[in-house]
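Protein sequences, first through last, are from chains R and X.
Counting from 1, one number per residue, gives the positions in the first sequence under our numbering.
Counting from 176, one number per residue, gives the positions in the second sequence under our numbering.
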Amino acid sequence: MIEEDWQDNAVSLFQRLLPVGTAVILVLLAYGPVYIDLFNNIRPDLGMIAIYFWMLQRPDLFDLKSVTILGIIDGAVSASAFGLGLFSYLLMYVLMMHLRKYLNGRSFVVIWYGFMALSLGVMIVKWLAASIYHGEFLPILPAMFSYLIGAAIYPVTAMLLAALQNWFLQDDDEL
Amino acid sequence: MKRRRSLFLHLNHLRVLVRKFALVSLFLASIVLMVLDKNQSSVLEYSSGVANNAAAPVVSVLVWPAKMISRSYAYLTEWVDIKQDNEKLRQENDELHKLEDKYKSLEIENKLLADLLNYVPLPEAKFVSAKLMTEENGAFAHAMAAYVGDKKVKKGAVVLANNGVVGRVDKKIGNYAKVILLTDISSRIPVVVEKSRVRGVLRGDNTPLPKLVFTPLFAEINVGDRIVTSGVSGVFPAGLPVGYVTAVGKKEIKVKPFASLEKLEYVKIVNYDIGGLLDEAEQ
Numbered sequence: 001m002i003e004e005d006w007q008d009n010a011v012s013l014f015q016r017l018l019p020v021g022t023a024v025i026l027v028l029l030a031y032g033p034v035y036i037d038l039f040n041n042i043r044p045d046l047g048m049i050a051i052y053f054w055m056l057q058r059p060d061l062f063d064l065k066s067v068t069i070l071g072i073i074d075g076a077v078s079a080s081a082f083g084l085g086l087f088s089y090l091l092m093y094v095l096m097m098h099l100r101k102y103l104n105g106r107s108f109v110v111i112w113y114g115f116m117a118l119s120l121g122v123m124i125v126k127w128l129a130a131s132i133y134h135g136e137f138l139p140i141l142p143a144m145f146s147y148l149i150g151a152a153i154y155p156v157t158a159m160l161l162a163a164l165q166n167w168f169l170q171d172d173d174e175l
Numbered sequence: 176m177k178r179r180r181s182l183f184l185h186l187n188h189l190r191v192l193v194r195k196f197a198l199v200s201l202f203l204a205s206i207v208l209m210v211l212d213k214n215q216s217s218v219l220e221y222s223s224g225v226a227n228n229a230a231a232p233v234v235s236v237l238v239w240p241a242k243m244i245s246r247s248y249a250y251l252t253e254w255v256d257i258k259q260d261n262e263k264l265r266q267e268n269d270e271l272h273k274l275e276d277k278y279k280s281l282e283i284e285n286k287l288l289a290d291l292l293n294y295v296p297l298p299e300a301k302f303v304s305a306k307l308m309t310e311e312n313g314a315f316a317h318a319m320a321a322y323v324g325d326k327k328v329k330k331g332a333v334v335l336a337n338n339g340v341v342g343r344v345d346k347k348i349g350n351y352a353k354v355i356l357l358t359d360i361s362s363r364i365p366v367v368v369e370k371s372r373v374r375g376v377l378r379g380d381n382t383p384l385p386k387l388v389f390t391p392l393f394a395e396i397n398v399g400d401r402i403v404t405s406g407v408s409g410v411f412p413a414g415l416p417v418g419y420v421t422a423v424g425k426k427e428i429k430v431k432p433f434a435s436l437e438k439l440e441y442v443k444i445v446n447y448d449i450g451g452l453l454d455e456a457e458q
């Protein structure tokens, strides 16, 4: 009986931590050396994809605390201004809080367009904030290409996250 | 009953207010963190170092499959060109043999002249070889974290790849050194055009090709000219290869670094111990 309880608790904890765990992994993946010329100056913001996906699919398991943890981890690992990652993730959180209802239950293409629109807005604000921080306008092209690559790989990343969601978060009504 | 309901409503209202306040305060906190980072807060530097210590091994494991795929692809593409490469290397080897003879005679001549002039050579550099653990080559920063273990690495130490300057050490906390690449927007390296001896500053702008700035208006700078460190300011010693000029425009001069920043695996962190602005700033 006690063993069963322990197992249930462990499974429940794993399910609760899955969204933020996958988001942390995606954020860290963006900092991995990949030795591919194309990615020398263009890195997609995988953390943004994770925030968008989980806030749309499981807002009950991905709240403000998760976004804050993600932002702090990004800021600590990144060489750009500490707080810039947190700022952009909070922005995505606020946008999703207000616009989630319009995207819920829509077809995948609409959700994808939604990500493209919201991440474009967030990227522009982040670019402006970074430019203010450095006291000069940063080149916009790398930021735009990063955004485009992020938008292009959204379907694959979302598919992987959806698979994880289907495998592990189907029987979690009690969470 | 009515009183209890009203209390519940009040509590609920309070909870919503706290949630809204939390969001606003987190936004403010992120801005405050950026301001503190601009002023190089030691608390932030420490926490960033701790996070790097924790994240670097995780990242190293996470990117292992991608690394293997990329290496296999590189191996296959190199295999296709192996015959041409072999021929090219043979020619290079012949040329290097000739240069070696020339170098030996010049070394002897140099030593004789140095003795004659009573020239005091620079102190010998100490270096640490470090493995690249994380890298950030995005729109907002160009940096990397290298594992240096318990070896002593100074802030501002020069970071070299096998063919040129990569950047400088920004900070070392724990077992990792954070290296700001020469393409980063905060990077400024005093350089000189090797042929014409025109001085300038190599300024990163978060693109793969940093800009050469603060050069005289009618300076003789051509595409293909080699750029080396000038040694001005004492942060970098003079004569280290940096890159070559790829474009000379009216508004800007672009430089391509010799080091392949996208293919770094190991770097050499060199402490020349020549003193300079960074040491003064630290004091």
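The beta-carbon is built from N, C-alpha and C at its ideal position, and this holds for glycine as well.
Query	Result
Identified DSSP bridge partners for residue 330(X)	Residue 330(X) is not bridged to any residue.
Residue 70(R) beta carbon less than 8 Å from that of residue 27(R)	yes
Enclosing beta strand (DSSP E) for residue 255(X) [first to last residue]	Note, residue 255(X): premise wrong, no beta strand (DSSP E); alpha helix (DSSP H) at 239-255.
Residues, ordered as in the chain, of the stretch 9-22 of chain R that lie near chain X by beta-carbon distance below 9 Å	none
Residue 452(X) versus residue 339(X): straight-line alpha-carbon distance, rounded	For residue 452(X), the pLDDT reaches just 47, beneath the cut-off of 50, and the residue's location in the model is therefore unreliable, leaving the point undetermined.
Within chain X, the residues that residue 160(R) reaches when beta carbons sit closer than 8 Å	The contacting residues do not exist; residue 160(R) stays about 13 Å from chain X at best.
Range covered by the beta strand (DSSP E) that runs through residue 420(X)	416-423
At least three beta-carbon pairs within less than 8 Å, the stretch 63-78 of chain R to the stretch 6-13 of chain R	no
As assigned by DSSP and simplified to three states, the class of residue 381(X)	coil
Per-residue DSSP class, three states only, for residue 124(R)	helix
Spatially closest choice to residue 320(X) from 314(X), 373(X), 302(X), 231(X), by CA coordinates	231(X)
Alpha carbon of residue 283(X) to alpha carbon of residue 78(R), nearest angstrom	48 Å
DSSP three-state assignment for residue 413(X), whether helix, strand or coil	coil
Residue 432(X): first and last residue of the uninterrupted beta strand (DSSP E) it sits in	428-432
When 405(X), 438(X), 310(X) are compared against residue 30(R), the one with the closest alpha-carbon	310(X)
Residue 339(X) - containing beta strand (DSSP E), residue span	339-348
Within chain R, the residues that residue 427(X) reaches when beta carbons sit closer than 8 Å	Under the 8 Å cutoff, chain R gives no residues; its nearest Cβ is about 12 Å from residue 427(X).
Bridge partners - residue 375(X), DSSP secondary structure assignment	366(X)
Terminal residues of the beta strand (DSSP E) in which residue 352(X) lies	351-356
Contact with chain R by residue 311(X), beta-carbon distance below 8 Å	yes
Near-chain R residues of the stretch 374-391 of chain X - C-beta to any C-beta below 9 Å	380, 381, 382, 383
Where residue 260(X) meets chain R, residues with beta-carbon distance less than 7 Å	Result: empty, since nearest Cβ-Cβ is about 18 Å, beyond 7 Å.
The stretch 362-373 of chain X contacting the stretch 386-397 of chain X, beta-carbon criterion three pairs below 8 Å	yes
Residue 304(X) - partner residues in DSSP beta bridges	443(X)
Min CB distance residue 279(X) to chain R below 8 Å	no
Buried or exposed by the 16-neighbour rule on C-beta atoms within 10 Å, applied to residue 85(R)	buried
Among 437(X), 213(X), 401(X), nearest to residue 428(X) - alpha-carbon criterion	401(X)
CB contact check: residue 29(R) to chain X, cutoff 8 Å	yes
Distance between residue 256(X) and residue 244(X) (C-alpha atoms, nearest Å)	19 Å
Three-way DSSP call (helix, strand, coil) for residue 214(X) in this model	coil
Cβ neighbours of residue 100(R) in the same chain (closer than 8 Å, five flanking residues each side left out)	55, 56, 59
For residue 93(R), the first and last residue of its enclosing alpha helix (DSSP H)	84-103
Simplified DSSP state of residue 190(X), which is helix, strand or coil	helix
Cross-chain neighbours of residue 94(R) in chain X, by beta carbon under 9 Å	198, 202
Helix, strand or coil at residue 457(X) according to DSSP, with G and I counted as helix	With a pLDDT of 46 at residue 457(X), under the threshold of 50, the predicted position of this residue should be treated as unreliable, though the coordinate-derived value follows. Helix, per DSSP.
Nearest residue (CA-CA) to residue 147(R), options 158(R), 124(R), 133(R), 130(R)	124(R)
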